[in-house]
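Here's the structure we're looking at; comments come further down.
In my numbering, the protein residues as written are -17 to 243.
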């Protein structure tokens, strides 16, 4: 069992929920005519001076994967980007520069021949952006709410093992891909602290049934670990995670208060 690390990155702490303090997601959703997910496959002109304060307009072709708001079929879509604080790049050659956007959620206005990217930043590639926008379109708070005390008490009673652990997704079980992370329905837990039961070392697990919710609930991040509290049913092989809300929104101290004394 490894010591606790500093890998805990809870959604919303990075300031990416809004592209600008004056542009919360619900306002972007209200103002947009079309919101799609996808990737940039062609762009003109290419941007070479990547350290500029603002970047010239561009025309791009994106490969649409899904529609969050509006009516457009999956496939190629031509869009325009106005002068802005970011620039578009082909997803096949995307740099690490945070001013470069190659895919994610595209927020668009109908402005004539081609839809135009809308907002201070029109392409949202945060790892939770797809979930946030889907929830906002459905009229819900952008971020999935943390589990209630009643949910936690139910999981505590049902779980054979409760563990604060670092989770990494199984790359062969990916169900959702974003520019930053792929997400899987199975993964490996590396224990940091066992709160109930016994767990000697890393264990492969699968996510249990989830409630139907706009944007989904949670999954295991493939490219980088995330820490949280996981409630395990050890009767299955591999064990099943009972959480129906994000494990990284559960704190060990909450669980300790619910354990029998």
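The beta carbon of each residue, even a glycine, is placed where N, CA and C say it ideally should be.
- Inclusion of residue 184 and residue 212 in the CB contact set at 8 Å is not warranted, their separation being larger than that value.
- For residue 123, the closest alpha carbon among the candidates 243, 44, 9 is that of 9.
- If only uninterrupted beta strand (DSSP E) runs of at least 3 residues are considered, those enclosed by the stretch 145 to 222 are 156 to 159, 164 to 166, 168 to 178, 185 to 189, 208 to 215.
- At the C-beta level, residue 27 and residue 116 stay beyond 8 Å of one another.
- Secondary-structure assignment with DSSP links residue 42 through a beta bridge to 25, 61.
- At a Cβ-Cβ threshold of 8 Å, residue 39 and residue 48 do not count as neighbours.
- Residue burial annotation: residue 148 is buried, with at least 16 other C-beta atoms found within 10 angstroms of its C-beta.
- The beta carbon of residue 113 sits closer than 7 Å to the beta carbons of 126, 197, 198 from its chain, once the five residues preceding and following it are set aside; these are given in chain order.
- Comparing C-alpha distances from residue 167 to each of 153, 60, 141, 84 shows the shortest one belongs to 153.
- Contact annotation: residue 71 and residue 25 have beta-carbon atoms nearer than 8 Å.
- Beta-bridge analysis with DSSP links residue 8 to no other residue.
- Taking 8 Å as the upper bound for CB-CB distance, residue 21 and residue 73 are in contact here, some 4 Å apart.
- For the set 67, 85, 165, 76, the Cα lying nearest the Cα of residue 61 is the one of 85.
- Here residue 66 is buried: its Cβ has 16 or more other Cβ atoms, across all protein chains shown, within 10 Å.
- In the structure shown, residue 84 adopts coil according to DSSP, grouped into three states.
- The bridge partners DSSP lists for residue 90 are 16, 99.
- When C-alpha distances from residue 59 are compared across 231, 90, 204, 119, the shortest belongs to 90.
- In its chain, beyond the 5 residues on either side, 177 have a beta carbon closer than 8 Å to the beta carbon of residue 238.
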